[in-house]
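Take 1377 as the starting number for the sequence shown in this note's numbering and just add one per residue.
Glycine included, C-beta positions come from ideal geometry on N, C-alpha and C.
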Amino acid sequence: MDHLVRSTPLQRGEAARVVLDVLAYFDETTEEFVRRRHRELQSQGLRNEAIFERIRREMPHRAVAPPDLSARQLRRLVYG
């Protein structure tokens, strides 16, 4: 935290929030990522077919790429 405060214009509270956000991002499971992105994209007005295709394209770019999941597998993660 000290290094971040010294090396950026962030105040200690802001730096702490950034660190917590980054840790939460890397701690997110595949299931949590899929559900979160589905909610975000749905709130933008996208329909499921487009949402699942977009999530499939995004997943290989995560810090630890999960296995290639089909639209059906993604749907099961969202709806059970």
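Distance between E1434 and A1391, taken at the CA atoms: about 27 Å. Comparing C-alpha distances from E1416 to each of S1446, G1389, L1380, I1431 shows the shortest one belongs to I1431. Rounded to whole angstroms, T1406 and H1437 show a C-alpha spacing of 12 Å.
A direct Cα-to-Cα measurement between E1429 and A1447 gives close to 7 Å. Of the residues assessed, V1410 falls on the buried side of the cut-off, its CB having 16 or more other CB atoms within 10 angstroms.
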